[in-house]
Amino acid sequence: MLQYANEGIEVVIGENTNKNRKITSKFFSWVFYSLFNLVGDVKLPSGGADFFLITKRPIEFLLKNKEYNTNVFMLLLWAEFKSTTLECENIARTTERSKWTFTKRLRLVMDSFFGFSMAPLRFITIAGIFFSTTSFLFLAYTVWNYFFLGTPVPGIPTV
2 MLQYANEGIE VVIGENTNKN RKITSKFFSW VFYSLFNLVG DVKLPSGGAD
52 FFLITKRPIE FLLKNKEYNT NVFMLLLWAE FKSTTLECEN IARTTERSKW
102 TFTKRLRLVM DSFFGFSMAP LRFITIAGIF FSTTSFLFLA YTVWNYFFLG
152 TPVPGIPTV
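In short: position in the sequence shown from 1, add 1, done, that's my numbering.
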């Protein structure tokens, strides 16, 4: 990694080639990376990234842009620093368990989608337009039935 950094690469991404993880963890990882690469504004390495080395300019960028609740890795890729991926073999933990609980991972996924993808905003906008249009059509239907057909409309529309 240091060799790449000495050659001018600003972000060296360590991609784990030997993933000694549970099948559920592998599956959720695959789903996240696949979905995010479809809708995200940042393109992630296909196998994901377990760790990375950054040089001075990316560090200054992170210190200047005080982001909270964000995926730092995606923030570095979004800024388009000169980067490369280095395949690394996973070494199994011998002392402690990972502190990355399911809740922390879920929070990171949500922060990543909301921070680096327009898909949630587009989905919410389309849903809002759909529900507003449906409500307006129901209002028009109710008014038409009441005033023009003389049909009393029981329930919420009378309120």
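Every residue gets a Cβ at the ideal spot worked out from N, C-alpha and C, and that includes glycine.
In this text the structure is predicted, and so the values were computed from the model without any measurement.
- Threonine 85 is positioned such that its CB atom lies closer than 8 Å to that of isoleucine 14.
- Taken in chain order, the whole alpha helix (DSSP H) runs of length 4 or more contained in the segment 54-117 are 57-65, 73-79 and 103-117.
- Note on proline 59: 16 or more other CB atoms within 10 angstroms of its CB, so buried under the neighbour-count rule.
- Pairwise C-beta distances place the segment 114-122 in contact with the segment 30-45, as three or more of them are shorter than 8 Å.
- The alpha-carbon of lysine 83 is positioned some 33 Å away from that of threonine 25.
- Phenylalanine 132 counts as exposed, since fewer than 16 other beta carbons sit within 10 angstroms of its beta carbon.
- Under DSSP, phenylalanine 52 takes part in a beta bridge, and its partners are Gly15.
- Taken through DSSP and simplified to helix, strand or coil, glycine 129 comes out as helix.
- In summary, phenylalanine 74 is buried, with 16 or more beta-carbon neighbours lying within 10 Å of its beta-carbon over all protein chains present.
- Proximity to asparagine 17 across Trp31, Asp51, Phe33 and Phe28 peaks at Asp51, based on C-alpha coordinates.
- About 7 Å separates the Cβ atoms of leucine 87 and tyrosine 5, confirming a contact at the 8 Å cut-off.
- Here the alpha carbon of tyrosine 142 sits roughly 10 Å from the alpha carbon of phenylalanine 149.
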